[in-house]
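Let me begin by presenting the structure, written as structure tokens, before commenting on it.
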Ligand SMILES: NC(=O)c1ccc[n+]([C@@H]2O[C@H](COP(=O)([O-])OP(=O)(O)OC[C@H]3O[C@@H](n4cnc5c(N)ncnc54)[C@H](O)[C@@H]3O)[C@@H](O)[C@H]2O)c1
């Protein structure tokens with residue numbers, strides 16, 4: 018028997034993140050306990066999930082007396098747009114969800130972000146219960162209340178998460194047994210966000226997170242039940258502490274705040290939407306997953322830090338070794354010119370008043386936020402993630 022864990026997120030409205038195998042079997046009761054007056058719910062789920070999982074979730078909700086309407090989404094970054102949001106909102110409206118009746122997001126970060134965004138904007142906010150089914154969404158996307166969609170501009174450019182709203186969930190149920198069907202590549206992608214947390218966690222109560230994660234890798238990849246619970250719980254605890262200190266990412270750069278969680282993401286977001294990049298030389302594996310793009314971003318951030326004397330010179334090789342141990346890329350073939358990547362980074366939404374803003378690791382488990390980093394260091398970092 019694996020002991021489940023609960024992590025409290027102290028946000029404007031606090032909530033629990035429950036972590037453990039088999040939790041979705043009691044989803045209906047959990048919803049009942051949280052929202053006793055709810056008569057209906059809309060279940061938004063990933064169309065690629067195992068049929069039995071979706072059926073069991075539906076049954077649990079029905080047994081708790083909830084009328085369930087469902088809305089399917091395809092978990093594809095290029096489709097995480099307003100076009101995908103419209104049918105979800107339509108289903109919610111047709112099913113006449115009231116302000117006290119929840120949307121339930123069952124899937125990875127794409128479903129969680131879109132379903133959460135629909136819940137945030139329908140009637141200016143109905144509850145959302147996040148039920149993450151990928152490691153990445155358990156340790157990161159489902160927690161902290163950021164919801165959103167990509168914006169497809171008229172010229173065809175896809176801008177990552179340019180639309181969005183803060184909308185904290187009523188609860189998060191991370192059922193770690195759902196990870197048994199998750200492809201290895203996606204599990205490894207989640208480890209990129211875990212390593213990201215480890216590079217900043219010394220200031221948030223868990224200085225040993227990277228060392229523990231690296232030691233636990235074989236058990237994580239074997240999907241050992243107790244190890245998965247500990248991995249998710251420790252990462253959620255770090256994220257919860259960061260979010261509690263700066264829920265809406267308003268802290269000034271010199272205080273870091275929630276912006277620290279963007280470590281690796283300014284580089285990562287710039288290259289994530291380039292359709293031809295693959296984690297290895299195999300074009301059939303293009304595009305990169307979000308986690309792979311973050312992995313490259315972590316390596317780039319480490320190189321930038323070392324270049325600026327913020328981290329020791331050997332730090333990038335430690336990051337590279339950690340990524341490699343987790344089966345994640347630290348360099349990629351086919352990267353466009355460094356100038357082009359820099360241009361894409363400058364369009365990232367994390368740019369403040371036209372200035373590039375980077376989160377840079379110091380190599381001691383803490384990070385700092387640097388506005389306007391010197392161009393030479395950023396270009397050097399981009400070159401470091403170019404392969405071949
Ligand atoms: N809101 C936030 O704070 C936040 C934080 C980090 C990432 N994100 C967003 O999350 C997204 C990435 O999330 P993700 O990595 O979970 O991607 P995802 O939602 O695309 O899921 C990855 C893949 O796994 C499949 N899948 C999901 N659960 C499965 C399961 N249990 N078994 C088998 N297959 C399964 C999906 O169909 C998909 O192919 C990005 O859009 C990113 O921007 C948001």
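Residue numbers (the numbering used here): 18 to 405.
We put the CB at the ideal spot given by N, CA and C, even for glycine.
Given residue 36 as reference, the closest of 159, 238 and 82 once Cα atoms are compared: Comparing alpha carbon positions, the residue from 159, 238 and 82 closest to residue 36 is 159.
Proximity test, residue 163 beta-carbon vs ligand 1 heavy atom, cut-off 6 Å: Proximity of the beta carbon of residue 163 to ligand 1 is indicated: a heavy atom of the ligand is located closer than 6 Å.
Assigned exposure category for residue 115 - 16 Cβ within 10 Å defines buried: If you draw a 10 Å sphere on the C-beta of residue 115, you find fewer than 16 other C-beta atoms in it, and that means exposed.
First through last residue of the beta strand (DSSP E) which encompasses residue 247: Unbroken run through residue 247 is the alpha helix (DSSP H), 242 to 262; no beta strand (DSSP E).
Whole-angstrom distance between residue 190 and residue 65, CA atom to CA atom: The C-alpha of residue 190 is placed about 19 Å away from the C-alpha of residue 65.
Spatially closest choice to residue 216 from 145, 182, 311 and 186, by CA coordinates: The shortest C-alpha to C-alpha distance from residue 216 to any of 145, 182, 311 and 186 is the one to 311.
Residue 103 - DSSP class collapsed to helix/strand/coil: Under the three-state reduction of DSSP, residue 103 is assigned to helix.
Spatial neighbours of residue 178 in its chain, beta-carbon cut-off 6 Å, leaving aside the 5 residues before and after: The residues are 165.
First and last residue of the uninterrupted beta strand (DSSP E) at residue 47: First-last for residue 47: 44 to 51, but that is the alpha helix (DSSP H), not the beta strand (DSSP E).
Straight-line gap, residue 181 to residue 268 (C-alpha atoms, nearest Å): If you take the alpha carbons of residue 181 and residue 268, they lie about 19 Å apart.
DSSP-derived helix/strand/coil call for residue 270: Assigned with DSSP and collapsed to three states, residue 270 falls in helix.
Where residue 122 falls: helix, strand or coil (DSSP): Strand at residue 122.
Sequence-distant residues of its chain with Cβ nearer than 8 Å to residue 399 (five each side left out): Around residue 399: 284, 317, 352, 355, 358 and 359.
Short Cβ contact (7 Å threshold) for residue 47 with residue 78: Annotated as distal: residue 47 and residue 78, with beta-carbon spacing of 7 Å or more.
Integer-rounded CB distance, given that residue 74 should sit under 8 Å from residue 123: Contact flag correct, Cβ pair sits at about 6 Å.
Buried or exposed by the 16-neighbour rule on C-beta atoms within 10 Å, applied to residue 251: Flag for residue 251 reads buried.
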